[in-house]
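Participant:
Residue numbers (our numbering): 0 to 148.
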């Protein structure tokens with residue numbers, strides 16, 4: 000009988016310490032911690048919003064005959080935002096690397112749009128700054144590494 004109690008206590012102790020550890024690393028398919036899952040979801044959402052705002056700004060700037068360099072900066076931002084959102088939503092191991100590049104593209108895009116001094120670009124500027132912050136936060140949350148490494 001004494002052996003039964005000892006076995007039961009040991010089993011409970013093991014369960015007590017291993018079950019919380021098993022749930023602590025759940026999240027995306029790459030094992031993003033639960034505390035960070037919302038950071039990654041926010042990044043994906045902000046990337047999609049930014050791409051949409053930049054597409055509107057791109058159409059506006061093309062109609063105004065903006066320089067090729069300006070147009071390409073917006074295209075870079077749109078492309079990286081869409082790719083970053085896709086990788087984040089799939090829990091890709093490469094999402095943090097791309098989020099870093101996306102943050103840089105968003106900062107450049109916001110600067111280019113600010114330099115235009117055009118009120119029609121305000122939404123693009125705001126969304127780029129918000130997205131850059133979200134991408135930077137998600138890179139920090141992952142320790143600057145791929146989420147699975």
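Backbone N, C-alpha and C define an ideal beta-carbon position, used for all residues, glycine too.
1) Determine the burial state of residue 67: buried for a count of at least 16 other Cβ atoms within 10 Å of its Cβ, exposed for fewer.
2) Which residue wins for smallest C-alpha separation from residue 105, given the options 88, 118, 141, 83?
3) If you drop the 5 nearest sequence neighbours on each side, which residues of the same chain put their C-beta closer than 7 Å to that of residue 181?
4) Taking DSSP as the reference, what is the three-state secondary structure of residue 86?
5) Kindly indicate which residue of 64, 116, 119, 52 has the alpha-carbon position closest to the one of residue 76.
6) Taking DSSP as the reference, what is the three-state secondary structure of residue 117?
7) Can you tell me which of the three DSSP states residue 22 falls into?
8) Residues in the same chain with beta-carbon distance under 6 Å from residue 102, minus the five sequence neighbours each way, listed in chain order, please.
9) So, are the CB atoms of residue 42 and residue 87 less than 8 Å apart?
10) Round the Cβ separation of residue 98 and residue 137 to the nearest angstrom and send it over; I've been treating them as touching at under 8 Å.
11) So for residue 93, helix, strand or coil by DSSP?
12) Is the beta carbon of residue 124 less than 8 Å from the beta carbon of residue 140?
13) Considering only residues of the same chain and omitting the five flanking positions on each side of residue 100, which have a CB-CB separation below 7 Å?
14) Ignore the nearest five residues each way along the sequence and tell me which others in residue 45's own chain have a CB closer than 7 Å to its CB.
15) Measuring only the C-alpha atoms, how far is residue 55 from residue 120?
Facilitator: Once the coordinates are examined:
1) Looking at its Cβ environment, which holds fewer than 16 other Cβ atoms inside 10 Å, residue 67 is exposed.
2) Closest option to residue 105, judged by alpha-carbon separation, among 88, 118, 141, 83: 83.
3) Absent from the structure is residue 181, since the part of the chain shown begins at 0 and ends at 148.
4) Here residue 86 sits in helix by DSSP.
5) For the set 64, 116, 119, 52, the Cα lying nearest the Cα of residue 76 is the one of 52.
6) DSSP places residue 117 in the coil class of the three-state scheme, outside both helix and strand.
7) Residue confidence is low: residue 22 scores 34 on pLDDT, short of 50, so the model does not pin down where it sits. No coordinate-derived value is stated.
8) Closer than 6 Å at the Cβ level, and outside the excluded window around residue 102, lie 131, 134, 135.
9) Contact: yes.
10) Indeed they touch by this definition, with Cβ atoms about 5 Å apart.
11) Residue state, collapsed to three classes: coil.
12) Going by C-beta atoms, residue 124 is not nearer than 8 Å to residue 140.
13) Exclusion of the five residues before and after residue 100 leaves 79 as the residues of its chain whose Cβ lies within less than 7 Å of its Cβ.
14) Once the five neighbours on either side are set aside, the close Cβ partners of residue 45 are 129, 130, 133.
15) Using only the alpha carbons, I get a separation of about 9 Å.
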